[in-house]
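Here the sequence shown stands for residues 1 to 332, numbered as in full-length UniProt numbering. What follows is a short report on a single structure.
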Amino acid sequence: MTYSLDCFLSHVFTFEIQYARMVWQIIMPFLYITFFLLCYLLAVKFKNITYNRSVKTTTLIYMYIYLQPSLIGGFVQLISYREISGYRWVQSNVSQRFDTPYHVRWMIEFCLPMLLVLAILIPIYFFQGLYNNSHQLDEKKVRLQWGYLYNEYTKTAYFWEVIKILQKELMIIFLTYYDDSVIIKATIISLIIGVYLELSLKYKPYNLNNLIQNCTRIQMEINIGVQETVEIPRVQSFIDKIFKQNSLMEQEINENKAIGIKIFEDITDMQSTKHKHLCEEIPQDESRDVKEILQIIGAVYLFGLFVFPNQPRALMPWLQKQIRSEYNQFLI
Numbered sequence: 001m002t003y004s005l006d007c008f009l010s011h012v013f014t015f016e017i018q019y020a021r022m023v024w025q026i027i028m029p030f031l032y033i034t035f036f037l038l039c040y041l042l043a044v045k046f047k048n049i050t051y052n053r054s055v056k057t058t059t060l061i062y063m064y065i066y067l068q069p070s071l072i073g074g075f076v077q078l079i080s081y082r083e084i085s086g087y088r089w090v091q092s093n094v095s096q097r098f099d100t101p102y103h104v105r106w107m108i109e110f111c112l113p114m115l116l117v118l119a120i121l122i123p124i125y126f127f128q129g130l131y132n133n134s135h136q137l138d139e140k141k142v143r144l145q146w147g148y149l150y151n152e153y154t155k156t157a158y159f160w161e162v163i164k165i166l167q168k169e170l171m172i173i174f175l176t177y178y179d180d181s182v183i184i185k186a187t188i189i190s191l192i193i194g195v196y197l198e199l200s201l202k203y204k205p206y207n208l209n210n211l212i213q214n215c216t217r218i219q220m221e222i223n224i225g226v227q228e229t230v231e232i233p234r235v236q237s238f239i240d241k242i243f244k245q246n247s248l249m250e251q252e253i254n255e256n257k258a259i260g261i262k263i264f265e266d267i268t269d270m271q272s273t274k275h276k277h278l279c280e281e282i283p284q285d286e287s288r289d290v291k292e293i294l295q296i297i298g299a300v301y302l303f304g305l306f307v308f309p310n311q312p313r314a315l316m317p318w319l320q321k322q323i324r325s326e327y328n329q330f331l332i
């Protein structure tokens, strides 16, 4: 089906296929909406149903929420690249170079403006409309226009659908941009889920009883715990690889590995910003691996602050001392 569509688009449009796909993805929702509203107006004209003005707004909002993930994912693929054999290639079509004036022009004139509209301006418009009517959410006029966005939520969390939209688009952006970096991708997703969990515990957006809320909280915490349990062995393997590549003695490998895993598991006790200067002193051929570890440490540390805000920080000075000590040995 994908190749059939590409053949069709190659005859309809004269530009490259990766841009034609995104243009077609923008055109299709308008065709869907036009067809649906035409059928609806015909039904109203023949008096099969009564006219309801909320149908238009609900249709537009629904189509945006439904199609936003695929649209944002497609545009992020166009502005992302894969580095193969020292060259940058467009992620959505690795047969096309990324650093050409032709592609840069498409990014500036097409991809970035569409991302701005889909990922920022429309959610802001939704939030502004809800905020301006936050004191009259029960009125018929407001409910007909904006009801699809807040009917499921409490009055204090009328904006929760916007939060879900932002969460979804952030996850899609990072999953697409860090497509080849599994550890960083999984860590950032855990961070996003952790922030979402904290906000949900603070605002309690859904109209649920306490039992269902507690079950939902337990399920989310279990999911996060499983994610972190899966990532710890990956970090352990990654640290093993780094130290083995530098031909350290077996005893030094075990000591450094234990410290690395301890740092990862107790990451909420650290101040990651104090270790950024270490990257500047690391040799060029090793800086990429160490910087990746520090990025992971920083992301998981922020995640820990949201999930475990009251955890004591007694181990932080000791961990900082061990990091500097092992880092100095690493350079010898």
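Built from N, CA and C at the ideal position, the CB exists for glycine as well.
Would SER92 and LEU78 qualify as a contact pair, given that the criterion is a beta-carbon distance under 8 Å? yes
Backbone secondary structure at ARG53 - three-state DSSP: coil
Along the chain, where does the alpha helix (DSSP H) containing ILE172 start, and where does it finish? Boundaries of the alpha helix (DSSP H) harbouring ILE172: 160-177, taken from the DSSP string.
Count the C-beta pairs between the region 201-208 and the region 148-164 that are closer than 8 Å, then say yes if the count reaches three, no if not. The region 201-208, when compared against the region 148-164, does touch it at the 8 Å Cβ threshold.
Whose C-beta lies closer than 8 Å to the C-beta of VAL162 among residues of the same chain, with five residues either side of it excluded? PRO123, PHE126, PHE127, LEU130, LEU149
For TYR87 and ARG97, I'd like the C-alpha separation in whole angstroms. 8 Å
To which residues does DSSP link GLU83 through a beta bridge? Per DSSP, ARG88.
Inter-residue spacing [alpha-carbon to alpha-carbon] between ASN133 and PRO101: 46 Å
Boundaries (first-last residue) of the alpha helix (DSSP H) holding LYS47: No alpha helix (DSSP H) holds LYS47; DSSP gives it neither H nor E.
Apply the 10 Å Cβ neighbour rule to SER190 and answer buried if 16 or more other Cβ atoms are within range, or exposed otherwise. buried
Euclidean distance between Cα positions of LEU170 and ILE65: 14 Å
If contacts are defined as beta-carbon pairs under 8 Å, then MET22 and GLY73 qualify, I think. What distance do you get, rounded to the angstrom? Contact doesn't hold; Cβ gap of about 10 Å is too wide.
Name the one or two DSSP bridge partners that TYR102 has. Paired residues: none, contrary to the question.
Going by DSSP, which residues form a beta bridge with TYR32? DSSP lists no partner for TYR32.
Classify GLU252 as helix, strand or coil using the three-state DSSP reduction. With a pLDDT of 48 at GLU252, under the threshold of 50, the modelled position of that residue is not reliable, and the figure given next carries that caveat. In this structure, GLU252 counts as helix in the three-state DSSP scheme.
Alpha-carbon spacing of ILE17 relative to VAL104, whole angstroms: 16 Å
Please report the straight-line C-alpha distance between LEU137 and LEU60, rounded to a whole angstrom. 20 Å
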